[in-house]
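Chemist: Quick one: the structure is below, and I'll ask about it shortly.
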Amino acid sequence: MSEKTNTSRRDLLLGLAGVAAVGGGWQAWVHRPRAMTFEPIASLPGWRKTVFEGVTAPSGGLSSGTAFLGIGSGEPTAQSIAPAQLCRTLFRKSDPDTVPVAVFSDFFCPYCRTLTERLAERAAENGSNITINWHELPLLGPSSVIAARAAIAADMQSAYPEFQARLMGSPFRPTPGFLIDTAVSVNLDPAKFVSDIEGQIVASRLARSRGAARTLGIYGTPAMVVGRTLVIGEISEKHLDELLELEAGAPATC
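Printed below as a string of structure tokens:
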């Protein structure tokens, strides 16, 4: 092999190594820890939203700086609700000794599964200081809407956590057979479950959740409201724990 060939190969390897080093440095910079700060929500006095260091908010001004995994809607545009009704809509269940949390998710949003599991584990801990209100925000088409309706129907028989865990725990297609089998597996009355899915109560709850999301400016899932603070998109374990601690000691907006 000629000296020229050896030199070319060495230069190529050095070049590739340089590219890899630059790429690794870029990835480390992108994924570096970011400070969490807050901005007021102009239209909602007393409410605020998270902003993360080094991340540019989109034109709507509401961002945690991640790619949102639930954009695009198969449902009619929701009507905003009055700010005075926001607390009652967000926090149907509340406990004065806990931090109220409202979670907006879509069963087909991948990161929603991670956040749901994380929050459910915290809520199940002994001495938990959070009360979670789950809101279905189906943004990924007809299958999302069917799954959302089924989850609310399960909640009407006090089996939402079990039903949610079954759907979040595995990939699924929301066929009638699958949903009925899942309902039976968590001890629901299947006839009532099927009737409620298309009923007015389920439709009204979906509409109220969409109205609350519109009032807050939520345009993707996952999203959540922790006390008085809105978070849209991904949030790290560290920042979630920080936020829960901050809100536990903060004056209540609701």
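Counting in the numbering used here, the sequence shown runs from 12 upward without gaps. For each residue, glycine too, the CB sits at the ideal point set by N, CA and C. None of these values were measured; they are calculated from a predicted model.
In three-state DSSP terms, what is Leu148?
Modeler: What you label residue 148 is simply residue 137 of the sequence shown in a count that begins at 1. Here Leu148 carries a coil assignment [DSSP, helix/strand/coil].
Chemist: Does Gly71 pass the burial test, meaning 16 or more other C-beta atoms within 10 Å, or should it be called exposed?
Modeler: In the sequence shown, counting from the first residue as 1, residue 71 sits at position 60. Here Gly71 scores only 40 on pLDDT, less than 50, and its place in the model is too uncertain to base an answer on.
Chemist: Our contact map puts Gly231 next to Gly244 with C-beta atoms below 8 Å; I'd like the distance itself, whole angstroms only.
Modeler: Taking the first residue of the sequence shown as position 1, residue 231 is located at position 220. Taking the first residue of the sequence shown as position 1, residue 244 is located at position 233. Gly231 to Gly244, Cβ: 7 Å. Contact.
Chemist: Grab the span of the beta strand (DSSP E) containing Leu116 for me, first residue to last.
Modeler: Residue 116 sits at position 105 when you count from the first residue of the sequence shown. As written in the sequence, residue 116 is Ser, which differs from the Leu given in the question. Note, Ser116: beta strand (DSSP E), Val110 to Ser116.
Chemist: Quick check on Glu209: does DSSP put it in helix, strand or coil?
Modeler: In the sequence shown, residue 209 corresponds to position 198, counting from 1. Looking at Glu209 - three-state DSSP - the assignment turns out to be coil, as it is neither helix nor strand.
Chemist: Taking C-alpha atoms, which residue in Ala53, Ser91, Thr100 and Val110 lies nearest to Leu255?
Modeler: As a working mapping, residue 255 is identified with position 244 in the sequence shown. Taking only the C-alpha atoms, the option nearest Leu255 is Val110.
Chemist: Using a threshold of 8 Å, state whether the C-beta atoms of Gly57 and Arg184 are closer than that.
Modeler: Within the sequence shown, the letter at position 46 stands for residue 57. Within the sequence shown, the letter at position 173 stands for residue 184. No; because the gap between Cβ atoms is not below 8 Å, this pair is not in contact.
Chemist: Quick check: the Cα distance between Gly188 and Ile143, rounded to an integer number of angstroms?
Modeler: Your numbering for residue 188 matches position 177 in the sequence shown. Your numbering for residue 143 matches position 132 in the sequence shown. Approximately 29 Å, taken between the alpha carbons.
Chemist: So what's Ala263 in DSSP terms, helix, strand or just coil?
Modeler: Translated into the one-based positions of the sequence shown, residue 263 becomes position 252. In the structure shown, Ala263 sits in coil (DSSP, three-state: anything other than H, G, I, E or B).
Chemist: Give me the Cα-Cα distance between Met167 and Asp207, rounded to the nearest whole angstrom.
Modeler: The residue given as residue 167 occupies position 156 in the sequence shown. The residue given as residue 207 occupies position 196 in the sequence shown. Distance between the alpha carbons of Met167 and Asp207: 8 Å.
Chemist: Just list the residues that DSSP pairs Thr142 with in beta bridges.
Modeler: Position 131 of the sequence shown, counted from the first residue, corresponds to residue 142. BP columns for Thr142 point to Pro111.
Chemist: Could you work out which residue in Ile141, Ala234 and Phe102 is closest to Pro121 when comparing CA atoms only?
Modeler: Translated into positions along the sequence shown, residue 121 becomes position 110. With respect to the C-alpha of Pro121, the residue from Ile141, Ala234 and Phe102 having the closest C-alpha is Ala234.
Chemist: Quick one: which unbroken beta strand (DSSP E) runs of 3-plus residues sit fully inside the segment 173-239? Chain order, please.
Modeler: 234-237
Chemist: What residue from Arg160, Asp252 and Leu227 has the CA that sits closest to Lys60's CA?
Modeler: Here the question's residue 60 lines up with position 49 in the sequence shown. The option with the nearest alpha carbon to Lys60 is Leu227.
Chemist: Under 8 Å Cβ to Cβ from Ser220, same chain only, skipping five residues before and after it: list those, please.
Modeler: Along the sequence shown, one-based indexing puts residue 220 at 209. Cβ within range, chain order: Thr100, Phe115, His146, Glu147 and Leu148.
Chemist: Using only the alpha-carbon positions, how far apart do Pro262 and Ile52 sit?
Modeler: Here residue 262 corresponds to residue number 251 of the sequence shown, with the count starting at 1. Here residue 52 corresponds to residue number 41 of the sequence shown, with the count starting at 1. Distance between the alpha carbons of Pro262 and Ile52 is about 17 Å.
Chemist: Is the Cβ-Cβ distance between Phe204 and Ala158 less than 8 Å?
Modeler: Working through the sequence shown from its first residue, we reach residue 204 at position 193. Working through the sequence shown from its first residue, we reach residue 158 at position 147. It is not a contact, given that the beta carbons lie outside the stated cut-off.
Chemist: For Ala164 and Ala202, what's the separation of their Cα atoms in angstroms?
Modeler: Here the question's residue 164 lines up with position 153 in the sequence shown. Here the question's residue 202 lines up with position 191 in the sequence shown. The straight-line gap separating the alpha-carbon atoms of Ala164 and Ala202 is approximately 11 Å.
Chemist: Quick one, are the C-beta atoms of Leu126 and Ala161 less than 8 Å apart?
Modeler: Translated into the one-based positions of the sequence shown, residue 126 becomes position 115. Translated into the one-based positions of the sequence shown, residue 161 becomes position 150. Here Leu126 is not near Ala161, since their CB atoms are 8 Å or more apart.
Chemist: Please state whether DSSP places Glu258 in a helix, a strand or coil.
Modeler: Your numbering for residue 258 matches position 247 in the sequence shown. In the displayed model, Glu258 falls within a helix according to three-state DSSP.
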